[in-house]
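Participant: Just so you know, the sequences run in chain order Z and L.
Sequential numbering of the first sequence, starting at 1087, is according to the numbering used here.
Sequential numbering of the second sequence, starting at 6, is according to the numbering used here.
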Amino acid sequence: DQQVKQNSPSLSVQEGRISILNCDYTNSMFDYFLWYKKYPAEGPTFLISISSIKDKNEDGRFTVFLNKSAKHLSLHIVPSQPGDSAVYFCAAEDTDKLIFGTGTRLQVFP
Amino acid sequence: DTAVSQTPKYLVTQMGNDKSIKCEQNLGHDTMYWYKQDSKKFLKIMFSYNNKELIINETVPNRFSPKSPDKAHLNLHINSLELGDSAVYFCASSQLQGNGYTFGSGTRLTVV
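(1) Between the C-alpha atoms of Ser1155(Z) and Ser1114(Z), what's the straight-line distance to the nearest angstrom?
(2) Taking C-beta pairs closer than 8 Å, name the residues in chain L that Thr1190(Z) reaches, listed in chain order.
(3) To which residues of the same chain is Lys80(L) closer than 8 Å at the C-beta, ignoring the five residues directly before and after it?
(4) Considering only their Cβ atoms, is the gap separating Leu1159(Z) from Lys1140(Z) smaller than 8 Å?
(5) Judging by CA-CA distance, which residue of Gly1102(Z), Leu1097(Z) and Cys1109(Z) is the nearest neighbour of Ala1177(Z)?
(6) Starting from Ala92(L), follow the beta strand (DSSP E) in both directions and report where the run begins and ends.
(7) Should Met20(L) go down as buried or exposed, given a rule of 16 or more other Cβ atoms within 10 Å for buried?
(8) Answer yes or no: do Tyr40(L) and Ala97(L) have a C-beta to C-beta separation smaller than 8 Å?
(9) Just the Cα atoms here: how many angstroms apart are Leu1120(Z) and Ile1163(Z)?
(10) For Phe1175(Z) and Asn84(L), I'd like the C-alpha separation in whole angstroms.
(11) Out of Glu1128(Z), Leu1097(Z), Gln1088(Z) and Pro1095(Z), point me to the one whose CA is closest to Ser10(L)'s CA.
(12) What are the uninterrupted segments assigned as alpha helix (DSSP H) that are 4 or more residues long and contained completely in the segment 31-103 of chain L, given in chain order?
(13) At what residue ranges does the segment 1119-1190 of chain Z contain a whole run of the beta strand (DSSP E), taking only runs of 3 or more?
(14) Which residues mark the beginning and the end of the beta strand (DSSP E) in which Arg113(L) is found?
(15) From the beta carbon of Leu1161(Z), is the nearest beta carbon of chain L less than 8 Å away?
(16) If you compare alpha carbons, which of Asp1170(Z), Ile1185(Z) and Thr1181(Z) is closest to Glu1101(Z)?
(17) Taking the alpha-carbon positions, what's the Lys1091(Z) to Thr1190(Z) distance?
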């Protein structure tokens, strides 16, 4: 039973446009939600997080939105750059572990 | 200077063998983890240790035995390797909730 879901396996966006990656979760008790970026043959790299008591967190080109009533979060990247092409994982932080979604492959084309 | 380093990066071995993967972090974090990424790219926790004490053992077969000699190291020993153990294994560490985990670059294990 997957507690964190990313229903879009892939997304293709033109350079300069906005990329929106989505994530749904089932457990309303999660404390934090995080986004990770992963390149091939590398480990996941932490991008941005949001506390469950907030609804938005911004860091440069990256903004995460949390909708607790819908149990949904999204990552906005604007403007998208070719170097953003990677797999993005959504994760929920329980007390002592991260639970990951299955990832969305983002491709940013010129 | 790599924050979380794991060795080896690639490991090819025959069924039935015993192998170890080593992990070290120089971040001063109290908690370390092993995650497994299977063929469907799903990242799932296996173990977590806090200051050398086992916190989580996520229904992993007992052929897998983690060992933490000190809080900077968490090694993974696997006995009697099976084909289904083929995966990428990631070590990670963390300190504060919400600050993100730092992952190593992974060990790709192939059992033939």
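Here a beta-carbon is modelled for each residue, glycine too, at the ideal position from N, C-alpha and C.
Facilitator: In short, the structure shows the following:
(1) Within the first sequence, the letter at position 69 stands for residue 1155(Z). Within the first sequence, the letter at position 28 stands for residue 1114(Z). Going by the C-alpha atoms only, they are around 9 Å apart.
(2) On the first sequence, residue 1190(Z) is found 104 positions in, with the first residue counted as 1. The premise fails here: Thr1190(Z) is roughly 11 Å from chain L at the closest Cβ pair, so nothing lies under 8 Å.
(3) Position 75 of the second sequence holds residue 80(L). It is worth fixing the name first, because residue 80(L) is Asn in this sequence and not Lys. Closer than 8 Å at the Cβ level, and outside the excluded window around Asn80(L), lie Ser25, Ile26, Lys27, Cys28, Pro71, Lys72, Ser73 and Pro74.
(4) Along the first sequence, read from residue 1 onward, the residue named residue 1140(Z) stands at position 54. Along the first sequence, read from residue 1 onward, the residue named residue 1159(Z) stands at position 73. Result no, Cβ atoms of Lys1140(Z) and Leu1159(Z) do not sit closer than 8 Å.
(5) Here residue 1177(Z) corresponds to residue number 91 of the first sequence, with the count starting at 1. The shortest Cα separation from Ala1177(Z) among Gly1102(Z), Leu1097(Z) and Cys1109(Z) belongs to Cys1109(Z).
(6) Numbered from 1 along the second sequence, position 87 holds the residue referred to as residue 92(L). Element bounds for Ala92(L): Ala92 to Ser99.
(7) Within the second sequence, numbered from 1, the residue matching residue 20(L) stands at position 15. Exposed, because fewer than 16 other Cβ atoms sit within 10 Å of the Cβ of Met20(L).
(8) Numbered from its first residue, the second sequence carries residue 40(L) at position 35. Numbered from its first residue, the second sequence carries residue 97(L) at position 92. Yes; because the gap between Cβ atoms is below 8 Å, this pair is in contact.
(9) By 1-based counting over the first sequence, the position of residue 1120(Z) is 34. By 1-based counting over the first sequence, the position of residue 1163(Z) is 77. If you take the alpha carbons of Leu1120(Z) and Ile1163(Z), they lie about 14 Å apart.
(10) Within the first sequence, residue 1175(Z) is the residue found at index 89, counting from 1. Within the second sequence, residue 84(L) is the residue found at index 79, counting from 1. When rounded, the distance between both Cα atoms is 30 Å.
(11) Within the second sequence, numbered from 1, the residue matching residue 10(L) stands at position 5. It is Glu1128(Z).
(12) none
(13) 1131-1137, 1142-1145, 1148-1153, 1158-1163, 1172-1179 and 1184-1186
(14) Stepping through the second sequence from its first residue, residue 113(L) is reached at position 108. Looking at the DSSP string, the run of the beta strand (DSSP E) that includes Arg113(L) is Thr112 to Val116.
(15) For the purposes of this step, residue 1161(Z) is identified with residue 75 of the first sequence, where counting begins at 1. Cβ-Cβ to chain L under 8 Å: no for Leu1161(Z).
(16) Counting from 1 along the first sequence, the entry for residue 1101(Z) is found at position 15. Minimum Cα distance to Glu1101(Z) is reached at Asp1170(Z).
(17) Translated into the one-based positions of the first sequence, residue 1091(Z) becomes position 5. Translated into the one-based positions of the first sequence, residue 1190(Z) becomes position 104. The alpha-carbon atoms of Lys1091(Z) and Thr1190(Z) are separated by roughly 10 Å.
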